[in-house]
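Asker: Residue numbers (full-length UniProt numbering): 1 to 261. Idealized CB from N, CA, C, for every residue including glycine.
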Amino acid sequence: MGPTDRFSAIVQGPEEALRLDEACLLVAAHADPAVDLPAALDRLDDLAAGVAEPSVDGISRHLFGELGFRGADHDYDDPRNSFLQVVLERRTGIPITLVIVLVEVGRRLGVPIGCVSMPGHFLARDELDPDVFVDAFARGARLDAAGAQARFHQVHGPAAPFEPAFLEPVGPRATLVRVLANLERIYTGTGDRPALRWVLELRARMPGAGVGERRRLAALLASGGELVEAATLLEGVATEVGGAEAEAALAAAHRLRATLN
Numbered sequence: 001m002g003p004t005d006r007f008s009a010i011v012q013g014p015e016e017a018l019r020l021d022e023a024c025l026l027v028a029a030h031a032d033p034a035v036d037l038p039a040a041l042d043r044l045d046d047l048a049a050g051v052a053e054p055s056v057d058g059i060s061r062h063l064f065g066e067l068g069f070r071g072a073d074h075d076y077d078d079p080r081n082s083f084l085q086v087v088l089e090r091r092t093g094i095p096i097t098l099v100i101v102l103v104e105v106g107r108r109l110g111v112p113i114g115c116v117s118m119p120g121h122f123l124a125r126d127e128l129d130p131d132v133f134v135d136a137f138a139r140g141a142r143l144d145a146a147g148a149q150a151r152f153h154q155v156h157g158p159a160a161p162f163e164p165a166f167l168e169p170v171g172p173r174a175t176l177v178r179v180l181a182n183l184e185r186i187y188t189g190t191g192d193r194p195a196l197r198w199v200l201e202l203r204a205r206m207p208g209a210g211v212g213e214r215r216r217l218a219a220l221l222a223s224g225g226e227l228v229e230a231a232t233l234l235e236g237v238a239t240e241v242g243g244a245e246a247e248a249a250l251a252a253a254h255r256l257r258a259t260l261n
């Protein structure tokens with residue numbers, strides 16, 4: 001089974017059994033088929049073994065203080081910052097991948113850490129003390145709820161409306177969707193069509209994916225001459241929507257198939 005089918009199988013299984021480390025490494029395997037999943041998982045085991053105090057603060061001190069994990073200030077949009085094995089090797093990443101390292105080390109130690117998918121920034125939350133947040137991108141800075149809200153306003157401006165729900169933890173599926181959304185943005189900007197294709201395919205395979213993901217994938221396939229595949233996707237979209245939207249999807253699929261005759 002290839003990485004795409006393996007990814008699909010684990011994300012479509014029970015969410016409580018979904019491990020972010022394995023899923024993120026399968027994402028990375030699309031960019032680098034030579035990714036050594038067992039070695040990367042062993043590295044996370046080693047990180048956990050080096051933690052002296054099994055707590056959120058203890059893990060943060062070990063990762064961001066003793067080992068020097070840090071935010072990628074100068075090459076934020078380098079896609080490698082979204083690939084877990086590279087983050088583990090370079091000890092550099094973007095907020096979401098650094099939080100994933102924190103979460104996975106915590107899981108190995110029995111320390112529950114939540115993922116906080118705040119608009120514009122990604123934080124970790126101590127699930128044993130929900131008023132404690134960690135900004136992994138800022139070398140594990142410890143925040144309370146007011147500090148987390150301040151981070152939001154640093155990104156969006158002081159007048160931006162803030163909702164307490166922004167600080168609620170999200171599950172692993174939502175975290176993976178955000179990892180893939182970051183990669184989609186990066187590869188759209190660089191025009192890397194092959195990479196954008198696999199990212200969109202993974203997004204389309206996520207449970208709860210909307211028709212927008214499949215529409216974007218169909219458009220990409222059609223632009224690359226993969227007309228049958230694009231038409232098939234659009235026909236699938238038509239079965240999930242109704243009215244004028246379904247008619248438009250079927251008409252687009254028909255036009256694509258007509259060019260093959």
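Measure the alpha-carbon distance for Y187 versus R61 and round it to whole angstroms.
Answerer: Each residue's Cα considered, the two are about 34 Å apart.
Asker: The beta strand (DSSP E) with D126 in it runs from where to where?
Answerer: First-last of the beta strand (DSSP E) with D126: L123 to D126.
Asker: Look at the Cβ atom of F137, then the Cβ atom of G210, and state whether they are nearer than 7 Å.
Answerer: No, Cβ-Cβ distance for F137 and G210 is not below 7 Å.
Asker: Which runs of the alpha helix (DSSP H) fall wholly inside the UniProt domain "Protein SirB1 N-terminal" (55-180) and span at least 4 residues, in chain order?
Answerer: Within the UniProt domain "Protein SirB1 N-terminal" (55-180), the complete alpha helix (DSSP H) runs of at least 4 residues are 56-60, 84-90, 95-109 and 145-156.
Asker: Within the same chain, show all residues whose beta-carbon is closer than 7 Å to that of R214, passing over the 5 residues directly before and after it, in chain order.
Answerer: Answer for R214: A204, L233, G236 and V237, listed in chain order.
Asker: In its own chain, which residues sit with a C-beta less than 6 Å from the C-beta of R80, not counting the 5 before and 5 after it?
Answerer: Cβ neighbours of R80 beyond the five flanking positions: V86.
Asker: Using beta-carbon positions only, say whether L102 and A124 come within less than 7 Å of one another.
Answerer: Closer than 7 Å, so yes.
Asker: One question on the structure: do L220 and R257 come within less than 7 Å of each other, judged by their Cβ atoms?
Answerer: Against a cut-off of 7 Å, the Cβ pair of R257 and L220 comes out as no contact.
Asker: May I ask you to verify whether the stretch 171-189 touches the stretch 142-160, counting CB pairs closer than 8 Å and requiring at least 3?
Answerer: The stretch 171-189 is not in contact with the stretch 142-160.
Asker: Is T239 buried or exposed, if buried means 16 or more other CB atoms sit within 10 Å of its CB?
Answerer: Its Cβ having fewer than 16 others within 10 Å, T239 is exposed.
Asker: When you compare only the Cα positions, how much space is there between A174 and L84?
Answerer: Answer to the nearest angstrom: the Cα atoms are 17 Å apart.
Asker: Return the CA-CA distance between D77 and H156, expressed in angstroms with no decimal places.
Answerer: Taking the straight line joining both Cα atoms gives about 19 Å.
Asker: Is the closest heavy atom of the ligand NAP to the C-beta of G212 under 6 Å?
Answerer: Looking at this structure, you won't find the ligand NAP or any other ligand, since it has none at all.
Asker: When DSSP labels each residue in this structure, what does V51 get in the three-state scheme?
Answerer: Three-state result, V51: coil.
Asker: When the distance is taken between beta carbons, is L25 closer than 7 Å to L44?
Answerer: Not closer than 7 Å, so no.
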